[in-house]
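Engineer: Just so you know, the protein sequences line up as chains R and D, in that order. Going by this note's numbering, the residue at position 183 of the first sequence is 183; the numbering climbs one at a time, nothing skipped. Going by this note's numbering, the residue at position 332 of the second sequence is 580; the numbering climbs one at a time, nothing skipped.
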Amino acid sequence: MTAMLEVENVSKAFGGVQANKTISLTVPEGEIVGLIGPNGSGKTTLFSSIVGQYPIDGGSIRFEGEEISTLRVPQIARLGLLRTFQQTRIYGQMTCMQNMVISASVRKRGFGELFHGQHDPHVSKYAEEMLEFVGLYEKRLLRAGSLSFGQQKLLEFAMALMNEPKLLMLDEPTAGINPTLINGLIDRLKRANAQFGITLFVIEHNMRVIMNLAQHIYCLAHGELLAAGTPDQIRNDPNVIDAYLGAH
Amino acid sequence: MNVPIQKIAGYAALLVFGAAAPYLFPAYHAQLAELWLFVVFALTWDLVGGQMGYNSFGNVLFVGVGTYACAVMQVGLFYNVGAYTASDGGNATIFTFNVAQYLTGLAVGLPVAAVIGGLVAIFFGSIILGMRGHYFAICTLGLGVAAGQIFAGWEWVGAGSGMSSPNAPAKIGDITQLLYYLAFGLAVITFAVIRWLLTTRFGLALNAIRDDEDKAEAMGLPTKRIKVTAWCVAGILLGVSGGILGNLKRFIDPIDVAFAGETYGVWMVLMAILGGKGTIWGPVIGAAIFQVLKEVFWTYLLGWQRVALGLMIVLIVVFFPQGILGWAREKFPEMFGHRIDRGPAREPAE
């Protein structure tokens, strides 16, 4: 099992606030890895640092062996490392299909191909398949901004799949989703991993979801790596329990 | 599906009307030519301001450099530009152009204006298109004003006293009619280019940047290059429009004609908003209505025409910000190909 993403001693401070302190972790190819931690523990900051949104203060981030900590956001995305946002982000005034079509992988396409028509049958067919996959096929011609929050979240997931990433980093994929749909979503995440071969790195607050989903879990607290291990190890780690329950 | 036939008929009717207009309204050649230039102004503004969501108040920059580039080529091919402008900004009795010279000047000047407009857009776009929202808008405003002042201080092109466009030889006939067809042709080309762009993935990318630029970046779209390309398209087309404008007005004043931020610069935004931002026909309709109103104000409210125009601008922006087609799209979404939700939400298929 080769490491797809290697984060080594990464630090990031905003003024006096140390959001990430010498964090090291590894996401092996083909796995589902979880990232948990109390609010404000630096999970989303770490995600943003990895995808190039925040320049890191120190350390190294390697994707498939290549140093990416100096690359910019779109360059990293084109390597096949994609993230979704905690505050769902979709293109609100465009239809779901248009959202999907423009999300089609740019990794395999040059700038000139932007001047090809929007109605490439292969792209449209794949877009419809992915919308069907997340259960939004019936909504494909609606404006994305008119969908409910949960549906927008599913659309964002479908857009990410449309991009055919190698590693997909999901920031709280089940937050705001109707509890009855959560099992369906877990199933879809697992299938994206197994069928499409997409490695997943997931921030999640819902313990039932992450314990069910991930093979390996990292736990952050106060910007530092607190624990790492299998779901069972994490569940029984006294440090993790303290961090969540506030004991000292 | 008989809609495409109706559409083709509609386009054909418009083209015929455009081609016949100088004969139908022989007294209004200049105003009609200006109308087509306004269509170009509004369409190119909307490509960046409406479709991409980058409100620019400095697109007169490209009109201005196009105006000067074309005039300098028209003169410079046959005379010394410095000597030309030194003689009352282009003395028509000393510097004469025969038919061949005049047409050559236009044939060279307009493409050069296009190239210069495009290059200026790439140059400044690469610098300032990293800014967003209000910062971009203010910066473009500054660019337009600064460019006007720079040209107003440049002796070689006549500085503040401006320069005349080459005087058309008498033998060439009604020069305004020729300029009308150039403006009409440019408007048709502009419409076709932008309409085509909006059917490509590039058009979707522009909308994606408008809706959420951070997301577009995170999905790997080369946003900077897309933005600069869109502005460059606007710059090329506006450069040509500037070349035509200079010849239409016969005299190039750096502040009032070339880099006319207070008039053309504001009007192009207003026309796009009036017709409906982010639509293909909105800017065309907006330009037509605006040009008619403007001419009516200038004819019947002379002395108060700017007050009336200013009042209209305020009324449109305050009470009608979504524009004519924007309003129609909200009222009749189905006519614009939008669906509205009728079915209940469905769980993911198992």
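From the three backbone atoms N, C-alpha and C, an ideal C-beta is built for every residue, glycine too. Given the structure is predicted, the values throughout are model-derived calculations rather than measurements.
(1) Just to confirm, are F85 of chain R and R473 of chain D a CB contact at a threshold of 8 angstroms?
(2) Pick helix, strand or coil for T22 of chain R, following the three-state DSSP scheme.
(3) Using a C-beta to C-beta distance shorter than 9 angstroms, which residues of chain D count as neighbours of A194 of chain R?
(4) Determine the chain D residues that contact L114 of chain R at a beta-carbon separation under 8 angstroms, and present them in chain order.
(5) Give the interface partners of R107 of chain R over in chain D, defined as CB-CB distance under 9 angstroms, in chain order.
(6) Put E164 of chain R into one of helix, strand or coil per three-state DSSP.
(7) Quick one, which of D:Q349, D:C480, D:A257 has its alpha-carbon nearest I375 of chain D's?
(8) What does F47 of chain R touch in chain D if you count any residue whose Cβ is under 8 angstroms from its own?
(9) Is the Cβ of N163 of chain R closer than 8 angstroms to any Cβ of chain D?
(10) DSSP three-state call for E6 of chain R: helix, strand or coil?
(11) Return the chain-ordered list of same chain residues with a C-beta closer than 7 angstroms to the C-beta of L136 of chain R, the five sequence neighbours on each side being excluded.
(12) Considering only DSSP beta bridges, list what E224 of chain R is partnered with.
(13) For chain R, find out if any of its Cβ atoms is closer than 8 angstroms to the Cβ of D294 of chain D; answer yes or no.
(14) So, is M583 of chain D buried or exposed, given that buried needs 16 or more other C-beta atoms within 10 angstroms?
(15) With a threshold of 8 angstroms between beta carbons, is S103 of chain R in contact with chain D?
(16) Would you say the beta carbon of V51 of chain R is closer than 7 angstroms to some non-hydrogen atom of the ligand FAD?
(17) Could you list which residues in chain R have their beta carbon closer than 9 angstroms to that of A456 of chain D, in chain order?
(18) Quick one: does A77 of chain R have its CB under 8 angstroms from some CB of chain D?
(19) Would a check of beta-carbon distances place P74 of chain R closer than 8 angstroms to chain D?
(20) In the DSSP assignment, find the unbroken alpha helix (DSSP H) run with V436 of chain D in it and report its ends.
(21) Around the Cβ of N20 of chain R, are there at least 16 other Cβ atoms within 10 angstroms (buried) or fewer (exposed)?
(22) Are L469 of chain D and V101 of chain R closer than 8 angstroms when you measure CB to CB?
(23) Using DSSP with H/G/I as helix, E/B as strand and the rest coil, what is G30 of chain R?
(24) By Cβ distance, which residues of its chain are closer than 8 angstroms to K525 of chain D, with the 5 residues on each side in sequence left out?
(25) Counting contacts by CB-CB distance shorter than 8 angstroms, is F111 of chain R in contact with chain D?
(26) Output yes if chain D places a C-beta closer than 8 angstroms to the C-beta of Q118 of chain R; else output no.
(27) Beta-carbon of R62 of chain R versus every beta-carbon of chain C: anything under 8 angstroms?
(28) Examine chain D for any beta-carbon lying closer than 8 angstroms to the beta-carbon of R235 of chain R, and answer yes or no.
(29) Are the beta-carbon atoms of F251 of chain R and L131 of chain R separated by less than 8 angstroms?
(30) Taking C-alpha atoms, which residue in D:A385, D:L541, D:L522 lies nearest to Q279 of chain D?
(31) Where in the stretch 312-394 of chain D do unbroken runs of the beta strand (DSSP E), each at least 3 residues long, occur, reported from the N-terminal end onward?
(32) Considering only C-alpha positions, which residue in the set R:I23, R:L25, R:P38, R:L141 is nearest to I204 of chain R?
(33) Is it right to say E282 of chain D is buried, meaning 16 or more other beta carbons lie within 10 angstroms of its own, or is it exposed?
(34) Do we get a CB-CB distance below 8 angstroms when we pair R83 of chain R with the residues of chain D?
(35) Report the neighbours of E282 of chain D on chain R: residues whose CB is nearer than 9 angstroms to its CB, in chain order.
(36) At a Cβ threshold of 8 angstroms, is A593 of chain D touching chain R?
Structural biologist: Based on what the coordinates show:
(1) Working through the first sequence from its first residue, we reach residue 85 of chain R at position 85. Working through the second sequence from its first residue, we reach residue 473 of chain D at position 225. Not in contact: F85 of chain R and R473 of chain D (Cβ atoms no closer than 8 angstroms).
(2) Indexing the first sequence from 1 puts residue 22 of chain R at position 22. T22 of chain R: strand per DSSP, three-state reduction.
(3) As a first step, residue 194 of chain R is located in the first sequence; it is residue number 194 there, counting from the start. The premise fails here: A194 of chain R is roughly 16 angstroms from chain D at the closest Cβ pair, so nothing lies under 9 angstroms.
(4) Position 114 of the first sequence, counting from 1, holds the residue named residue 114 of chain R. Residues of chain D passing the Cβ test: T448, R449, F450, A453, I474.
(5) Here residue 107 of chain R refers to the residue found at position 107 when the first sequence is read from its first residue. Taking the beta carbon of R107 of chain R as reference, the chain D residues within 9 angstroms of it are G468, listed in sequence order.
(6) Your numbering for residue 164 of chain R matches position 164 in the first sequence. Coil, per DSSP.
(7) As a working mapping, residue 375 of chain D is identified with position 127 in the second sequence. That would be D:C480, whose Cα lies nearest to the Cα of I375 of chain D.
(8) Walking along the first sequence from the start, residue 47 of chain R turns up at place 47. Using a Cβ-Cβ cut-off of 8 angstroms, F47 of chain R is close to nothing in chain D; its nearest Cβ partner there is about 11 angstroms away.
(9) One-based indexing of the first sequence puts residue 163 of chain R at position 163. Residue-level contact by beta carbon holds for N163 of chain R and chain D, with a gap shorter than 8 angstroms.
(10) Reading the first sequence from its first residue, position 6 is the one you call residue 6 of chain R. Collapsing the DSSP output to three states places E6 of chain R in a strand.
(11) Position 136 of the first sequence, counted from the first residue, corresponds to residue 136 of chain R. Beyond the five residues adjoining it in sequence on each side, L136 of chain R comes within less than 7 angstroms, by CB distance, of C96, Q151, L154, L155, A158 in the same chain, given in chain order.
(12) Position 224 of the first sequence holds residue 224 of chain R. In the DSSP output, where bridge partners are listed per residue, E224 of chain R has R:A221.
(13) Along the second sequence, one-based indexing puts residue 294 of chain D at 46. Using a CB distance cut-off of 8 angstroms, D294 of chain D does not count as an interface residue toward chain R.
(14) If you number the second sequence from 1, residue 583 of chain D lands on position 335. Flag for M583 of chain D reads exposed.
(15) Reading the first sequence from its first residue, position 103 is the one you call residue 103 of chain R. Using a CB distance cut-off of 8 angstroms, S103 of chain R counts as an interface residue toward chain D.
(16) The ligand FAD is absent from the structure shown, which contains no ligands of any kind.
(17) Position 208 of the second sequence, counted from the first residue, corresponds to residue 456 of chain D. Close to A456 of chain D, with beta-carbon spacing below 9 angstroms, are these residues of chain R in chain order: Y91, M94, Q98, N99, I102, S103.
(18) As a position in the first sequence, residue 77 of chain R is number 77, starting the count at 1. It does; some Cβ of chain D falls within 8 angstroms.
(19) Residue numbering aside, residue 74 of chain R sits at position 74 when the first sequence is read from its first letter. It does: the Cβ of P74 of chain R has a partner Cβ on chain D nearer than 8 angstroms.
(20) Along the second sequence, one-based indexing puts residue 436 of chain D at 188. Counting along the chain, the unbroken alpha helix (DSSP H) around V436 of chain D starts and ends at 423-447.
(21) Position 20 of the first sequence, counted from the start, is the residue given in the question as residue 20 of chain R. N20 of chain R should be labelled buried.
(22) Mapped onto the second sequence, residue 469 of chain D falls at position 221. Mapped onto the first sequence, residue 101 of chain R falls at position 101. No, the Cβ-Cβ distance between L469 of chain D and V101 of chain R is not below 8 angstroms.
(23) Indexing the first sequence from 1 puts residue 30 of chain R at position 30. Reduced to three states, the DSSP call for G30 of chain R is coil.
(24) What you label residue 525 of chain D is simply residue 277 of the second sequence in a count that begins at 1. The residues are D294, G297, G298, Q570, G571, G574.
(25) The residue labelled residue 111 of chain R in the question sits at position 111 within the first sequence. Output row for F111 of chain R: interface = yes.
(26) In the first sequence, residue 118 of chain R corresponds to position 118, counting from 1. Yes - at least one Cβ of chain D is within 8 angstroms of the one on Q118 of chain R.
(27) No chain C appears in the structure shown, which is made up of the protein chains R and D.
(28) Stepping through the first sequence from its first residue, residue 235 of chain R is reached at position 235. Using beta-carbon distances, R235 of chain R does not count as an interface residue toward chain D, since no partner is under 8 angstroms.
(29) In this structure chain R extends from 1 to 248, so residue 251 of chain R is not present and cannot be described.
(30) Stepping through the second sequence from its first residue, residue 279 of chain D is reached at position 31. For the options D:A385, D:L541, D:L522, the alpha carbon positioned closest to that of Q279 of chain D is the one of D:L541.
(31) Counting whole runs of 3 or more residues, the stretch 312-394 of chain D contains no beta strand (DSSP E) stretch at all.
(32) Your numbering for residue 204 of chain R matches position 204 in the first sequence. Here the sequence assigns Glu to residue 204 of chain R, which means Ile is not the residue at that position. The residue with the shortest Cα to Cα distance from E204 of chain R is R:P38.
(33) Position 34 of the second sequence holds residue 282 of chain D. Flag for E282 of chain D reads buried.
(34) Start at 1 with the first residue of the first sequence, and residue 83 of chain R comes out as number 83. Proximity of R83 of chain R to chain D, defined by a Cβ-Cβ separation below 8 angstroms, is satisfied.
(35) Indexing the second sequence from 1 puts residue 282 of chain D at position 34. Under the 9 angstroms cutoff, chain R gives no residues; its nearest Cβ is about 32 angstroms from E282 of chain D.
(36) Within the second sequence, residue 593 of chain D is the residue found at index 345, counting from 1. At A593 of chain D, the pLDDT of 47 sits below 50, so the modelled position is not reliable; the number obtained from the coordinates is stated separately. Under the 8 angstroms criterion on CB atoms, A593 of chain D is classed as interfacial with respect to chain R.
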